[in-house]
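Below is one structure, written out as structure tokens; comments come after it.
Number of protein chains: 4
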Amino acid sequence: MAALARANDGPAWAYGRDEITRRLDALYSELFEREVRIFPLATGTAANALILSCLTPPWGAVFCEQMSHINADECGAPEFYTNGAKLFAVPGQHGRVTVEGLEAALATLPRGDVHHVLPKVLSLTQATECGTVYSLDEVGALCDRACGEGLSVHMDGARFANAVAHLGCSPADVTWRAGVDALSFGATKNGAMAAEAAIFFDPAKAEEFEARRMRGGHLFSKMRYLSAQLEAYVTDNLWLRLASHANRQAQGLASIIDEVSGVTLLHPVESDEVFVRFEDHDAITRLRDSGVSFVPWDIGSGIIRLVASFQTTDDELRQFRAALHSVLQAESELPPQV
Amino acid sequence: MAALARANDGPAWAYGRDEITRRLDALYSELFEREVRIFPLATGTAANALILSCLTPPWGAVFCEQMSHINADECGAPEFYTNGAKLFAVPGQHGRVTVEGLEAALATLPRGDVHHVLPKVLSLTQATECGTVYSLDEVGALCDRACGEGLSVHMDGARFANAVAHLGCSPADVTWRAGVDALSFGATKNGAMAAEAAIFFDPAKAEEFEARRMRGGHLFSKMRYLSAQLEAYVTDNLWLRLASHANRQAQGLASIIDEVSGVTLLHPVESDEVFVRFEDHDAITRLRDSGVSFVPWDIGSGIIRLVASFQTTDDELRQFRAALHSVLQAESELPPQV
Amino acid sequence: MAALARANDGPAWAYGRDEITRRLDALYSELFEREVRIFPLATGTAANALILSCLTPPWGAVFCEQMSHINADECGAPEFYTNGAKLFAVPGQHGRVTVEGLEAALATLPRGDVHHVLPKVLSLTQATECGTVYSLDEVGALCDRACGEGLSVHMDGARFANAVAHLGCSPADVTWRAGVDALSFGATKNGAMAAEAAIFFDPAKAEEFEARRMRGGHLFSKMRYLSAQLEAYVTDNLWLRLASHANRQAQGLASIIDEVSGVTLLHPVESDEVFVRFEDHDAITRLRDSGVSFVPWDIGSGIIRLVASFQTTDDELRQFRAALHSVLQAESELPPQV
Amino acid sequence: MAALARANDGPAWAYGRDEITRRLDALYSELFEREVRIFPLATGTAANALILSCLTPPWGAVFCEQMSHINADECGAPEFYTNGAKLFAVPGQHGRVTVEGLEAALATLPRGDVHHVLPKVLSLTQATECGTVYSLDEVGALCDRACGEGLSVHMDGARFANAVAHLGCSPADVTWRAGVDALSFGATKNGAMAAEAAIFFDPAKAEEFEARRMRGGHLFSKMRYLSAQLEAYVTDNLWLRLASHANRQAQGLASIIDEVSGVTLLHPVESDEVFVRFEDHDAITRLRDSGVSFVPWDIGSGIIRLVASFQTTDDELRQFRAALHSVLQAESELPPQV
């Protein structure tokens, strides 16, 4: 908010020719240790769909994990922006595409015949929809395989900060150094008001971006308000501090789940998301009635999703712990806290 | 050809206002035992894609077997015509979607949230890509389930004649009486020069068809040449006679496969297609070298596809039998012929 | 900014289920004196293109003034969102479509033949690209004519506040009471950070809006930040106060133009825009060198655009006056000020 | 029909790998005196829309005469195939775009700003919708201007044979030698059953054609039936003989119009079309009642269109002459025949 108030001070050029926006290329080039092109946007769906439309023709195939946001949660935005490219849903492991899964999907798509779409993009979500994180080796191996097939690699980084904080690596290591061509860089889930960015590591692939952004209605006249968020976000390591906090609190949630019976973790907890399966499905209702907010992920299977945020306090963890014990009818005597 | 020559005789009105085209609605309404709307086209892909675009908005989901033509062999034509609707590839049994498969696919698609596409169409291929045929009960059960979910049902009938000939039923039984809303009625694979039709059993669903056909460049000025083919095709039961012949010859091929070792049928043979797996993959090469024409379906797995046609002669079957025995190094003494 | 800071206080539901967004329907229904549906967005192009895509099929025609933003300044966003509807550029008078112009355009489009797109929408810009304002009678007459042809009417209100302030009418009078079906309600040009709204007066026409917004990547997860702007904007008449100020300062600019020779007003000044033609084209360069900011509208014809804003001060007017006199080499003695 | 019957003889490879189709590249390369790529199609709308989609991105502008088929008679097919490119309707002279008209249109489209679509294609119709023909010099001057702006040039040759027959030039002269990049080569209006071709003079611009044709549903499995028409059409100069006949008969119609009062020619008659304006609009009704077939082009203005064809006989001209004299209540004594 402070950055926004500063951006609000005085007149500015429109459509991204303002001072703040013009600073972003340099700022993010430094962050990513190479020249990048960055385009501020307001939603992650816009970033994903616009990037994909730059990486594939309408007759291309995009390989992605079946639960990935682009495949399952964007109401067909990638298909709309690419004018009908085909998403191949690859079953993964805890939300991660595997090299074997990618190979199996590629094998279903014969080459050299105009009847079939052409394999064009591999899209990886980092951190994944399951809250897991690809290791550097995993990203590298997938990019190698994709590159060998002539695919571009897109990374959906709605939770990129959480992944980088978890890996403790340089943002460059897990993106272009591993073979990623373009990144949807998310800030909204990690504290920004509404700020995402499309970042291209290969400027040649960004050539169509500006026309596509304009046609999509995503060119902000007062772009400085987006840019100010993106500037403040990475200044003084703010983004990683916020994400580390969220990751740490997610670990706290995971510990709480681990300590009681009747609930299990569905996936390794590596970012800010915690997926919990309840043996007793009714306990989910009781948990909600007790005032805990969560996403009823797959109620038929007794699965909920908890998300820790940059704002989640230790107090809130304690309240959750108490509520969980209560609804699971645990012993009246809580075990000593972690 | 005779029908075309007759159509060529004298002037005619353009864009479907000619005498022949105007007779088609009545002719096909009689064939299907109810009022239908029929639109002549030249390719099956056009019929499929145009029909689907009338049955789903861009934010809809189309459920289909994973090997279906619309999903695997049309280079994204359905996505192009629907402006990006999403095809859900359902794994089937011998090319047939099952009720369980449909239910599993529906279960992955939550309702009531704008993040997800809406389930809109079930597309069945009759006969299937594997040469199998849905029974009347199977079509009925699938349509019931689809209807219960508010889906429209499309039938891709590129090999519709073969399916009807196999089932020995009325065309009405396996389409609208079972719950099908629109049919891609194919004639090209069964003897026509280039003639397919989009047939709507519910005229309300055909409302947008003419505008969409025009925009797709599929409105023929001299439509009578398409219509003449479609008229001759169903006159005096020609279509079923041709298809029955092809089906019978496919049974002949299947018998030949059955009688020798080293080759097996991959799917039940119920129409004009015969999928054969070779234990010795090199035999496939030898078979081709011996002059037999076939589609190398999945050479890595030793699978080829044979297609019997309305023109396949008994002599050709005998030649195939001899060639197959030869390449499989069968005994010099052929068993007595079937 | 104050409204944003308040919206920032505490957690909130995502995707428009927050408290602020839920208040908007009622707030704007009161403002427009009837039940409306309002959808917050961040850009005017998104509002225009999304609304148009709800009002026309791909095979429809949209009639609009040739200089209108949807036709000339959105890089084809309406064509993208409508999947290829056709914009008919109607030459207007000072940026206003006339009934005669609409009729002439309609006459070029024969009916009843699938070769031609169907007339579907009339889009009016209020205030226009020329800074002029349609009178209530003019809007009414155009809507009557459009309605008689079965067209929906869209109003691009990027400068709607300026128009309403100029007319001194109720927002209802110049929209639905006159026959407008949907309004792109702009706040960004009149002081908001980035806030526009799609407002539908006929809820039936908004049915597809939410799916289209999602596919366009325009559904904000933290929608409250858009909604807070839209709430503050119309509270205590803020929007009209800001617009009245801008209009008044534009009148001030116009008076300055009137008082000197060598420059003329290109259009009546009825909102915040002032188009000026210079006899001596070099004077434009000198004006820029003197530090005045303006849009070089059509330099070949000696035309620039001045825009007064909610922030334009009397001091700035005085500076402009001095600069203008100076570059036009006016008498050393300035006439007494207006 | 004879060519079709020959093509029907014996089996053939599908999807254009047949013998006839493979001969077309060489045949048309010879006809056009350079290497060309030719793609058989069944409708002119498909040829136009597919070619345009290869020459412009969705954010491009296509300049064309306002009455051109792509702009006025294809229900938005170009917009559909290009995913929303913008057609700029240029007013022409007797259906011909002029250099001045092109320049005026280009001037309305500022460069260098992402708000505006990019000028990408000039589309010329040869012969035009008015039955006139561009001279070689006119085509050359327009192509030069277009080329100078970085535009590709498309020629809609639905009546290409009539134009070449009128000019008496080589097909090469009026296409690539003058600067045309791609041609919609029409045969249907000049005697074929349903055969058009997309011809690219620059193979690099044809790269996307096959994928786009497949997605459009325009890849014929039995392509030889299209190819056989296109082969027979240009063999032994058949196409020019047919077109010359039609042109000659159109001149005959024009002479008849010239000799009577009360009717005038609207445009110079240079191909097979004759546009006639009647002073007495009721005479049009009487003409139709007398059995003459024509297109009621613009009845409000008393304009009809007559089209001579490759089949039009001298007898038919005589009948028309008699009918026209009769409905115009000419003297009982007909003047001696021309």
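Chains as they are written, first to last, in the working numbering: chain W, 50 to 387; chain X, 50 to 387; chain Y, 50 to 387; chain S, 50 to 387. All residues carry an ideal CB built from backbone N, CA and C; glycine is no exception.
Express the C-alpha separation of THR224(W) and LYS254(W) in angstroms, rounding to a whole number.
15 Å
Interface partners of CYS124(W) on chain Y, CB under 7 Å:
ALA260, MET263, ARG264
Looking only at its own chain, which residues have a Cβ that is under 7 Å from the Cβ of GLN142(S), when we skip the five neighbours before and after it?
Apart from the 5 residues on each side of it in sequence, GLN142(S) has no Cβ closer than 7 Å to any other Cβ in its chain.
Can you tell me whether SER342(Y) is helix, strand or coil according to DSSP?
coil
Counting only C-beta atoms, is GLU82(X) closer than 8 Å to chain W at any point?
no
Which value, in whole angstroms, describes the spacing of the CA atoms of LEU167(W) and ALA153(X)?
Spanning the two alpha carbons is a distance of roughly 28 Å.
Just reading off the beta strand (DSSP E) that MET272(S) is part of, what are its end residues?
Taken as a continuous stretch (DSSP letters only), MET272(S) belongs to no beta strand (DSSP E), as it is neither H nor E.
Rounded C-alpha distance that separates ILE352(Y) from CYS103(Y)
36 Å
Just grab the DSSP bridge partners of MET204(Y) for me.
LEU173(Y), LEU232(Y)
Suppose contacts are defined by Cβ-Cβ distances below 8 Å. Is LEU302(X) in contact with LEU355(X) by that definition?
yes
Other residues of its chain near ASP338(Y): CB distance less than 7 Å, five sequence neighbours each side excluded
none
Indicate whether at least one CB of chain S lies closer than 8 Å to the CB of GLU380(X).
For GLU380(X), the predicted structure reports a pLDDT of 44, less than 50, and the residue's modelled location is therefore unreliable. The matter cannot be settled from this model.
Near-chain W residues of the segment 122-154 of chain S (beta-carbon distance less than 9 Å), N- to C-terminal order:
ASN132, GLY133
Using a cut-off of 9 Å between C-beta atoms, extract the partners of PHE269(Y) located in chain W.
The answer, in chain order, is ALA91, THR92, THR237, ALA243.
Report the CB separation of PRO220(X) from VAL213(X) in whole angstroms; it is logged as a contact under 8 Å.
Right, their Cβ atoms sit about 6 Å apart.
When DSSP builds the beta bridges, which residues end up paired with CYS113(W)?
ALA138(W), SER172(W)
Check whether ALA52(S) and ALA210(S) have beta carbons under 8 Å apart:
No Cβ-Cβ contact shorter than 8 Å links ALA52(S) with ALA210(S).
So, at 6 Å on beta carbons, what are the nonlocal neighbours of GLY206(S) in its own chain, with the 5 sequence-adjacent residues on each side left out?
GLN175, LEU232, SER233, PHE234, GLY235
Residues in the segment 98-114 of chain Y with C-beta within 7 Å of chain S's C-beta atoms, listed in sequence order?
PRO107, TRP108
Are the Cβ atoms of GLU372(Y) and PHE269(W) separated by less than 8 Å?
Note that residue 372(Y) corresponds to Ala in the displayed sequence, not to Glu. No. Outside cutoff.
Applying a beta-carbon distance threshold of less than 9 Å, which residues of chain X neighbour VAL170(Y)?
Correct list: empty, because the minimum Cβ distance to chain X is about 16 Å.
Closest Cβ-Cβ distance between VAL163(W) and chain S: below 8 Å?
True, the Cβ-Cβ gap to chain S drops below 8 Å.
Say whether chain Y places a C-beta atom closer than 8 Å to the C-beta of ALA255(W).
no
If contact is defined by three or more beta carbon pairs under 8 Å, each pair taking one atom from either stretch, is the segment 136-151 of chain X in contact with the segment 76-90 of chain X?
Output reads no: the segment 136-151 of chain X does not touch the segment 76-90 of chain X.
Give the range of the beta strand (DSSP E) segment to which LEU377(X) is assigned.
Element bounds for LEU377(X): n/a, residue is neither H nor E.
Looking at the strands, I want to know which residues DSSP matches up with VAL325(W).
LEU314(W), ILE353(W)
Under a three-way DSSP split, which group does ALA153(W) fall into?
ALA153(W): helix per DSSP, three-state reduction.
THR147(S) versus LEU136(X) - alpha carbon distance
47 Å
What is the residue span of the beta strand (DSSP E) that ARG83(Y) lies within?
Unbroken run through ARG83(Y): none, as it is neither H nor E.
On a CA-only basis, which of HIS215(S), PHE250(S), PRO159(S), LEU216(S) is nearest MET204(S)? Give me that one, please.
PHE250(S)
So, is the C-beta of ALA357(W) closer than 8 Å to a C-beta in chain Y?
no
Please list the partners that VAL309(Y) has in chain S, where partner means a Cβ-to-Cβ separation under 9 Å.
For VAL309(Y), no chain S residue has a C-beta closer than 9 Å to its own C-beta; the minimum C-beta separation is roughly 28 Å.
Inter-residue CB distance, VAL182(Y) and HIS215(Y) (contact presumed, cutoff 8 Å)
Right, their Cβ atoms sit about 5 Å apart.
Quick check on THR362(Y): buried or exposed, where buried means 16 or more other Cβ atoms within 10 Å of its Cβ?
exposed
Minimum C-alpha distance to ALA295(S) - residue among THR94(S), SER320(S), TRP346(S):
Put simply, of THR94(S), SER320(S), TRP346(S) the residue whose alpha carbon is nearest the alpha carbon of ALA295(S) is SER320(S).
In the DSSP assignment, what residue or residues form a beta bridge with PHE414(S)?
An answer regarding residue 414(S) cannot be provided, because it is not within the stretch 50 to 387 covered by chain S.
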